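Reading the sequence shown from the start, the letters are residues 363 to 651 in my numbering.
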Amino acid sequence: MGLQWVVYAFLSAFFAGITAVYAKMGMEKIPSHLATALRTIVVLLFTWLLVFLKGQQAALSSLSFRTFLFLFLSGLSTGASWLFYFKAIQKGEVYKVAAVDKCSIVLTVLLAALFLQESLTIWKGIGVLLIFFGTFGMMKKQEIQDMETGRGWLFYAVLSVIFASLTAILGKIGIAEVPSDLGTAVRTIFVLLMAWLIVLLTGELKAIRKLDKNSAVFLTVSGMGTGLSWICYYKALQMGPASLVAPIDKLSLLVTALLAYFLLKEKPSKKALFGLAMILTGTLVMLIQ
Numbered sequence: 363m364g365l366q367w368v369v370y371a372f373l374s375a376f377f378a379g380i381t382a383v384y385a386k387m388g389m390e391k392i393p394s395h396l397a398t399a400l401r402t403i404v405v406l407l408f409t410w411l412l413v414f415l416k417g418q419q420a421a422l423s424s425l426s427f428r429t430f431l432f433l434f435l436s437g438l439s440t441g442a443s444w445l446f447y448f449k450a451i452q453k454g455e456v457y458k459v460a461a462v463d464k465c466s467i468v469l470t471v472l473l474a475a476l477f478l479q480e481s482l483t484i485w486k487g488i489g490v491l492l493i494f495f496g497t498f499g500m501m502k503k504q505e506i507q508d509m510e511t512g513r514g515w516l517f518y519a520v521l522s523v524i525f526a527s528l529t530a531i532l533g534k535i536g537i538a539e540v541p542s543d544l545g546t547a548v549r550t551i552f553v554l555l556m557a558w559l560i561v562l563l564t565g566e567l568k569a570i571r572k573l574d575k576n577s578a579v580f581l582t583v584s585g586m587g588t589g590l591s592w593i594c595y596y597k598a599l600q601m602g603p604a605s606l607v608a609p610i611d612k613l614s615l616l617v618t619a620l621l622a623y624f625l626l627k628e629k630p631s632k633k634a635l636f637g638l639a640m641i642l643t644g645t646l647v648m649l650i651q
């Protein structure tokens with residue numbers, strides 16, 4: 363298969379990059395948990411459509427308990443990560459939330475070395491440090507203080523990072539014995555169930571009356587972007603090392619920052635731009651073998 367996984371990883375980064383911006387535009391009038399649950403419907407339909415188009419549904423009967431368990435755990439981790447991520451997006455600037463999300467690389471690399479026996483090279487270590495310091499170098503003092511007290515967007519973004527890193531590891535294990543598209547579709551079921559359970563528990567369902575045509579379109583585009591990103595991401599994971607797939611996927615930050623600038627009129631400060639440059643440099647450094 364060579365380096366075909368690299369192509370899938372870069373495609374994943376592109377589609378992931380458009381997800382956050384359109385999600386932000388789609389949840390201007392509705393709560394973040396409800397928006398997450400609605401867009402997950404689109405992701406579910408999209409992923410299962412591809413499964414049936416490729417005829418992979420027959421492999422469902424061969425799912426082992428171990429595979430099912432890890433897909434279930436990966437789905438729960440993804441659901442938690444999404445709920446916190448889109449809550450952060452609704453409260454903060456998209457490019458900053460996306461930047462913090464890249465810190466999941468730090469945990470992913472460490473967990474991949476610990477549980478998947480993937481090598482931890484000096485270049486990966488340097489890349490992780492650049493990403494970490496670049497991310498938190500972007501933050502204002504007040505934003506960090508709000509995080510420490512459990513308030514503000516940064517608090518939710520950090521929680522999203524923790525669950526996102528678990529998702530990569532659990533997903534890698536879960537799709538080891540099944541087609542990647544089928545594994546993605548199965549785990550999306552658990553994401554959807556979790557998202558709607560949260561909506562019901564928080565009483566956000568009544569806010570669905572506020573959903574207008576524009577919001578529906580933006581959430582649909584966001585959901586399709588996520589579906590395409592997932593399919594490419596887990597195809598890359600199935601073919602290549604998780605500790606390299608994850609960094610490439612995080613280049614979605616560049617796409618997000620550009621779209622946020624043009625569509626949301628978010629203008630990063632010089633300090634923020636320097637932090638973004640450090641994150642992107644760290645991501646590229648991690649690809650050096």
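From the three backbone atoms N, C-alpha and C, an ideal C-beta is built for every residue, glycine too.
Remember, predicted model here, so these are calculated numbers, not experimental data.
Discussion item. Rounded to the nearest angstrom, what separates THR429 and ILE551 at their Cα positions?
Written reply: The residue given as residue 429 occupies position 67 in the sequence shown. The residue given as residue 551 occupies position 189 in the sequence shown. Approximately 15 angstroms between the Cα atoms of the pair.
Worksheet item: Tell me which same chain residues have a C-beta within less than 6 angstroms of the C-beta of GLY454, skipping the five on either side of it?
Response: Within the sequence shown, numbered from 1, the residue matching residue 454 stands at position 92. Once the five neighbours on either side are set aside, the close Cβ partners of GLY454 are TRP515.
Worksheet item: Taking C-beta to C-beta, are PRO609 and ILE467 nearer than 8 angstroms?
Response: Counted from its first residue, the sequence shown places residue 609 at position 247. Counted from its first residue, the sequence shown places residue 467 at position 105. Contact: yes.
Worksheet entry | Whole-angstrom distance between SER631 and ALA420, CA atom to CA atom | In the sequence shown, the residue the question calls residue 420 occupies position 58. In the sequence shown, the residue the question calls residue 631 occupies position 269. Cα to Cα, the separation comes out at about 52 angstroms.
Worksheet entry | Beta-carbon spacing of ILE544, GLN418 below 8 angstroms | One-based indexing of the sequence shown puts residue 544 at position 182. One-based indexing of the sequence shown puts residue 418 at position 56. Sequence inspection shows Leu at residue 544; the Ile mentioned does not correspond to that position. Result yes, Cβ atoms of LEU544 and GLN418 sit closer than 8 angstroms.
Practice prompt. Determine the extent of the alpha helix (DSSP H) in which GLN419 is found, giving its start and end residues.
Written response: Working through the sequence shown from its first residue, we reach residue 419 at position 57. No alpha helix (DSSP H) holds GLN419; DSSP gives it neither H nor E.
Discussion item. Let's test the definition: count the other Cβ atoms within 10 Å of the Cβ of GLY536 and tell me whether it reaches 16, buried, or not, exposed.
Written reply: Taking the sequence shown and counting its residues from 1, the one referred to as residue 536 is at position 174. With 16 or more Cβ atoms within 10 Å of its Cβ, GLY536 is classed as buried.
Worksheet item: My guess is that GLY388 and PHE580 are in contact by the Cβ rule of under 8 angstroms, so how many angstroms apart are they, rounded?
Response: Residue mapping note: residue 388 aligns to position 26 of the sequence shown, counting from 1. Residue mapping note: residue 580 aligns to position 218 of the sequence shown, counting from 1. 3 angstroms between Cβ atoms; contact.
Worksheet item: With DSSP run on the structure shown, which of helix, strand or coil describes ILE537?
Response: Counted from its first residue, the sequence shown places residue 537 at position 175. DSSP places ILE537 in coil when its eight states are reduced to three.
Discussion item. Tell me the residue span of the alpha helix (DSSP H) that contains LEU626.
Written reply: The count along the sequence shown starts at 1 and reaches residue 626 at position 264. Segment: none, LEU626 is in no alpha helix (DSSP H) and carries neither H nor E.
Worksheet entry | Minimum length 4: unbroken alpha helix (DSSP H) runs contained in the stretch 445-470 | 456-463
Worksheet entry | Rounded straight-line distance, which links the Cα of ALA475 to that of TRP485 | Along the sequence shown, one-based indexing puts residue 485 at 123. Along the sequence shown, one-based indexing puts residue 475 at 113. Whole-angstrom Cα-Cα distance: 14 angstroms.
Fill in: ARG401 classed as buried or exposed, judged by whether at least 16 other C-beta atoms fall within 10 angstroms
Position 39 of the sequence shown, counting from 1, holds the residue named residue 401. Classification for ARG401: buried.
Worksheet item: DSSP three-state call for LEU642: helix, strand or coil?
Response: Position 280 of the sequence shown, counted from the start, is the residue given in the question as residue 642. In the structure shown, LEU642 sits in a helix (DSSP, three-state: H, G or I).
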